[in-house]
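Only one structure is covered here, and it is reproduced in the block below.
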Amino acid sequence: MKENDLKIIEEILGKGSTNHFRQSVGQNQEITLFPELDILIDYQPSDRCSKSVKELRKNIIRSLMLAGIQSRMIIEYCTVHFHVSEKAVRKYITEINKEFEEAKTKDVNRHRAVQQERMENALAECIANGNMKYRYALLKELNDFHGLKIAKHEHSGPDGGPIAMQNNLDLSKLTTDELKTLVDLHDKAKRGKDEADTVPD
């Protein structure tokens, strides 16, 4: 990791947060999260990660992500800093991204609920005051808000003219079998009409 990258991380996480990173690069020594955190000083890499350690790691990664640090830098810093694999850091990043998405969805839903409540309150005021013009506008806005737009159906052709209907059958487009079937149907219909005409009263 470049010195500039370490300085950026130090600005975000605080002074001294990269000291042990600098010391550990190129050396095979034990690493703890932060020297000032007593809870993590005796933490061994082979130990199973406790919830508090996991949450502390996620808080550090979250801070770096919110500051706009690239994933590459976060992974490089955290693998050495936490003494974990790249896969573990990527898993933390995925979990944090999921949390961000859930928070964003909650935020959007909250704003939609507030907006809907305001429109419904304004509509209730319009009904109480008898303001029909504004009431109509609010109803239209509420419909749009819920995705209930009024569909327009055309009952005429282009430029308000009649809709063109094709009544004549184009026999040239029919296959030989279709033509034969059509002739048979025509003959049956004609025979039925002739028989109906000859039936005595």
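Residue numbers for the sequence shown follow my numbering, so the first one is 283 and each next one is one higher. The beta carbon of each residue, even a glycine, is placed where N, CA and C say it ideally should be.
Measure the C-alpha to C-alpha separation of E377 and D287 and round it to an integer number of angstroms.
24 Å
With a 10 Å radius around its C-beta and 16 neighbouring C-beta atoms as the bar for buried, classify L420 as buried or exposed.
buried
At which residues does the alpha helix (DSSP H) containing C408 begin and terminate?
368–411
First and last residue of the uninterrupted alpha helix (DSSP H) at K415:
414–427
With C360 as the anchor, note down where its alpha helix (DSSP H) starts and where it stops.
353–364
Could you tell me whether the Cβ atoms of I409 and I351 are closer together than 9 Å?
no
Rounded Cβ spacing between C331 and I343 (contact assumed at less than 8 Å)
The pair is not a contact, with the Cβ atoms about 13 Å apart (cut-off 8 Å).
Going by beta-carbon coordinates alone, are F427 and Q397 separated by less than 9 Å?
yes
Roughly how far, in whole angstroms, is the beta-carbon of R417 from the beta-carbon of L405, given that I think they are within contact range, below 8 Å?
6 Å
9 Å Cβ cutoff met for I357 and R372:
yes
Extent of the continuous alpha helix (DSSP H) run through S334:
333–348
For I375 and S353, believed in contact at Cβ under 8 Å, the rounded distance
6 Å
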